[in-house]
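Q:
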Amino acid sequence: MNRALYVDTMIGTVGDGQIEKSHGGGKTYPGACVPGGMIQLSPDTVSGGDNGSGYNYCHNTIEGFSFNRMSGIGWYGDLGNLQVMPVTQDTDLRSGSNEELPFTKGTIGWKSEFSHENEKSRVGYYSVMLERYNVLAECTASEHAGALRFTYPEKAEKKIIINFSRRIGGKADFQKVDVISNRKIEGHIKCTPVGGGFGHGDGKIFYDLYFVMEFSHPFTSKRFFESEEFTDSAEGEDLGVIFDFSNEITEPLTIKCAISYVDIEGASKNFSTECEGSDFDAMEKNALAKWDDVFSCINVSGADETDLKLFYTCLYHVLLDPRTMADTDGRYKINYQIFENTDYKQRTVFSGWDVYRSEFPLLSIIRPDMVRDEINSLLKIAELNNSSFPRWELMGINAGCMVGDPGLIVLADAVTKGILPYDIEKAYEISKASSVCAKELNGKEFKSIRPACKSYLDDCYVPGKLSDTLEYLLADFTMAKFAEYSGRIEDAKFFFNRANRYGENYNEALRFMAPRKENGEFVFEEDRYDDDGTVESNIFQQSWFVPYDVCGLSRLF
9 MNRALYVDTM IGTVGDGQIE KSHGGGKTYP GACVPGGMIQ LSPDTVSGGD NGSGYNYCHN
69 TIEGFSFNRM SGIGWYGDLG NLQVMPVTQD TDLRSGSNEE LPFTKGTIGW KSEFSHENEK
129 SRVGYYSVML ERYNVLAECT ASEHAGALRF TYPEKAEKKI IINFSRRIGG KADFQKVDVI
189 SNRKIEGHIK CTPVGGGFGH GDGKIFYDLY FVMEFSHPFT SKRFFESEEF TDSAEGEDLG
249 VIFDFSNEIT EPLTIKCAIS YVDIEGASKN FSTECEGSDF DAMEKNALAK WDDVFSCINV
309 SGADETDLKL FYTCLYHVLL DPRTMADTDG RYKINYQIFE NTDYKQRTVF SGWDVYRSEF
369 PLLSIIRPDM VRDEINSLLK IAELNNSSFP RWELMGINAG CMVGDPGLIV LADAVTKGIL
429 PYDIEKAYEI SKASSVCAKE LNGKEFKSIR PACKSYLDDC YVPGKLSDTL EYLLADFTMA
489 KFAEYSGRIE DAKFFFNRAN RYGENYNEAL RFMAPRKENG EFVFEEDRYD DDGTVESNIF
549 QQSWFVPYDV CGLSRLF
């Protein structure tokens with residue numbers, strides 16, 4: 009049974025706007041990747057709006073293919089670097105569908121129309137016919153590298169446009185390219201919140217991307233451009249390049265590219281490990297095998313093809329993240345510092361509030377190695393920053409989205425299930441400091457994500473915020489379990505007591521939970537469907553959120 013063939017990578021590929029009822033807004037992508045891989049090589053339809061994956065099934069043009077992106081997220085997304093587009097003619101020097109970088113001179117751009125009838129997607133592979141140029145574009149990937157294969161019309165002009173400044177949710181701040189030969193380039197792309205990105209910059213995400221790219225045929229000429237003007241410089245803030253290839257080439261043009269978030273040396277090692285001696289077909293075959301192998305973690309039975317498709321597509325999306333951010337040699341970078349570890353994989357994309365109650369309990373059963381990696385990754389970040397575990401981590405940075413203390417919950421769950429190894433004493437120190445909003449830890453200022461206010465620390469509620477209150481009380485319960493497991497009985501009593509005071513947030517008049525003012529009084533609510541003080545929910549929905557004491561909650565109501 010080839011389980012990977014049941015996956016439908018098109019499921020969920022609707023983003024912002026034009027949402028069809030049959031799909032909803034999943035904001036996934038159809039392109040190529042391997043489980044937890046650094047590369048997600050996929051088509052880009054429109055850069056702009058809340059299309060966090062870069063692709064929206066409802067769009068009808070493609071502006072290129074980029075090498076990294078996130079799946080299933082909003083807040084305008086991030087990554088989407090190294091956008092490559094095959095063309096057969098000179099065009100405007102903008103894609104024509106990048107809302108982050110609008111035209112100053114052009115009209116149409118280099119984008120191409122496409123039809124879903126001419127798309128093929130499966131795990132580790134994607135292809136589409138670009139109608140404007142009659143070019144067949146194909147994508148595949150390994151863990152740190154990707155390959156593109158373009159089949160041009162016979163005798164047509166053969167050109168490649170690479171947009172180095174493109175970034176989902178914004179633009180890269182600086183780009184530099186070195187032409188090594190007429191078949192190889194390498195370079196550096198710098199992204200900071202100044203250029204936007206996650207939350208249009210509010211996520212405060214910064215990273216460096218380094219790449220090594222090789223063409224299967226030599227290019228005959230190159231033309232760099234910046235801000236819609238040709239330039240002699242190979243570095244800038246809005247850099248692109250057009251490569252021309254011989255019209256006499258009869259075979260498809262293949263591009264292999266490895267990336268690193270550390271340095272050029274890392275990208276070169278990744279390239280030599282995963283690209284040298286491997287062609288497009290071999291890379292695709294290996295990607296399919298990796299997915300089929302990882303799907304063997306669960307055996308299912310039944311003959312319903314729809315159920316099998318849904319099951320394995322869901323499992324596919326579960327196993328995309330958290331992904332590796334370390335190179336093949338174990339090196340990774342956080343806060344511009346380089347570290348090396350081969351005992352575990354440093355991972356990234358931890359959307360804590362979204363995954364602690366669903367994905368991670370599943371991973372703790374089917375992929376405890378991923379959970380162990382993620383705990384070590386969060387622990388490293390917290391140790392470096394002398395802070396709580398990140399709430400929503402991307403590229404080693406706490407973007408701060410959503411509410412609660414999900415890293416602690418994932419950790420405590422893993423501890424009580426015996427998922428090791430990591431420095432459990434250090435993990436406990438950080439967890440407790442976060443839970444009590446400690447001012448300092450290890451002689452240095454400690455940065456807690458918890459609200460350092462008297463009403464929460466003494467009276468177990470966050471003023472005006474019901475969702476925050478109940479999320480933190482759940483985290484306190486898991487902290488109590490962590491303390492109990494570690495033999496710290498007094499700590500366990502303290503946190504159990506705090507968690508069990510959730511009933512003080514029950515409003516007798518409303519007969520539901522409700523947010524409270526700083527003086528302890530309840531905020532006036534029109535009815536139980538009011539969303540005052542809640543996050544992506546309302547009072548009716550949030551009131552059931554005491555999963556650690558269902559019987560007690562029942563008695564309260």
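All residue numbers for the sequence shown refer to this note's numbering, where the first residue is 9 and numbers rise by one. All C-beta atoms, glycine included, are put in the ideal place defined by N, C-alpha and C.
Only counting runs of 3 or more residues, tell me where the beta strand (DSSP E) segments fall wholly within the region 444–477, in order along the chain.
A: If only complete runs of 3 or more residues are kept, the region 444–477 shows no beta strand (DSSP E) anywhere.
Q: For Lys425, does the three-state DSSP call read helix, strand or coil?
A: coil
Q: Would you tell me roughly how many angstroms separate the C-alpha atoms of Phe111 and Val411, rounded to the nearest one?
A: 38 Å
Q: Report yes if the CB atom of Met291 is closer than 7 Å to the CB atom of Ser150, and no otherwise.
A: yes
Q: For the beta strand (DSSP E) that contains Arg231, what are its first and last residues?
A: First-last of the beta strand (DSSP E) with Arg231: Phe227 to Glu234.
Q: Using the three-state DSSP reduction, which class does Val42 fall into: helix, strand or coil?
A: coil
Q: Roughly how many angstroms lie between the CA atoms of Ser30 and Tyr65, to the nearest whole one?
A: Low local confidence applies: a pLDDT of 47 at Ser30 is under 50, so the model's placement there is unreliable, with the coordinate-based value given in what follows. Whole-angstrom Cα-Cα distance: 12 Å.
Q: Is the region 242–250 touching the region 419–435 in the sense that three or more CB pairs, one from each, lie closer than 8 Å?
A: Flag = no, the region 419–435 and the region 242–250 do not touch.
Q: In this structure, does DSSP put Thr321 in helix, strand or coil?
A: Look at Thr321 here: in three-state DSSP terms it is helix.
Q: Use the C-beta contact count for Val22: other C-beta atoms within 10 angstroms, 16 or more gives buried, fewer gives exposed.
A: That one is buried.
Q: Among Ile389, Ser173 and Phe358, which has the Cα closest to the Cα of Leu101?
A: Restricting attention to Ile389, Ser173 and Phe358, the CA atom closest to the CA of Leu101 is found in Ser173.
Q: Can you tell me whether Ala164 is helix, strand or coil according to DSSP?
A: coil
Q: If you run the structure through DSSP and keep just helix, strand and coil, what is His31?
A: Here the model assigns His31 a pLDDT of 48, short of 50, so the residue's position is not dependable, and the following value carries that caveat. Three-state DSSP puts His31 in coil, outside helix and strand.
Q: Who are Val187's beta bridge partners in DSSP?
A: Ile193
Q: Would the beta-carbon of Ala420 fall within 7 Å of that of Phe490?
A: yes
Q: Let me know the secondary structure DSSP gives Trp400 once reduced to three states.
A: strand
Q: Spatial neighbours of Ile170 within its chain, please: C-beta separation below 6 Å, excluding the five flanking residues on both sides.
A: Val92 and Val249
Q: In whole angstroms, what separates the C-alpha of Leu327 from that of Asn294?
A: 17 Å
Q: Determine the contact status of Ala153 and Glu282, defining contact as a CB-CB distance below 7 Å.
A: Contact flag set, yes.
Q: Do you know whose CA, among His196, Ile213 and Asn106, lies nearest Gly204's CA?
A: Ile213
Q: Which term fits Val270, buried or exposed, when burial requires 16 or more other beta carbons within 10 angstroms of its beta carbon?
A: Classification of Val270: buried, given that the 10 Å Cβ count is 16 or more.
Q: Of the residues Leu144, Trp118, Ile342 and Arg506, which one's Cα is nearest the Cα of Thr69?
A: Trp118
Q: Looking at the C-beta of Asp499, does it have a partner C-beta in chain B at a distance below 7 Å?
A: Annotation note: the requested chain B is absent from the structure, which comprises a single protein chain.
Q: With H, G and I counted as helix, E and B as strand and the rest as coil, what does DSSP make of Cys559?
A: helix
Q: Strictly by DSSP, which residues pair up with Asp539?
A: Asp539 has no beta-bridge partner at all, per DSSP.
Q: Go ahead and pull the three-state DSSP assignment for Glu492.
A: helix
Q: Pop quiz: Tyr215 and Met403 are said to be a contact at Cβ under 8 Å. What is the actual Cβ separation, rounded to whole angstroms?
A: 4 Å
Q: Roughly how many whole angstroms lie between the Cα atoms of Gly44 and Ser268?
A: 15 Å
Q: By alpha-carbon positions, which one of Phe303, Val54, Gly62 and Asp289 ends up nearest to Pro260?
A: Asp289
Q: Assign Gly244 to one of three DSSP states: helix, strand, or coil.
A: In the three-state scheme derived from DSSP, where H, G and I count as helix and E and B as strand, Gly244 is classed as strand.
Q: With respect to 6 Å, is the separation between the Cβ of Arg331 and the closest non-hydrogen atom of the ligand GTP below this value?
A: Annotation note on the ligand GTP: not contained in the displayed structure, which lists no ligands.
Q: Whose C-alpha, out of Asp16, Ser395, Cys445 and His325, is nearest the C-alpha of Ser366?
A: His325
Q: Quick one: what's Cys199 bridged to in DSSP?
A: Tyr215
Q: Between the region 50–62 and the region 361–375, are three or more C-beta pairs nearer than 8 Å?
A: no
Q: Quick check on the DSSP output: what are the complete alpha helix (DSSP H) runs of length 4 or more inside the region 331–386, in order along the chain?
A: 360–363 and 367–374
Q: Sort out for me which residues DSSP pairs Lys128 with in a bridge.
A: Partner(s): Ser135.
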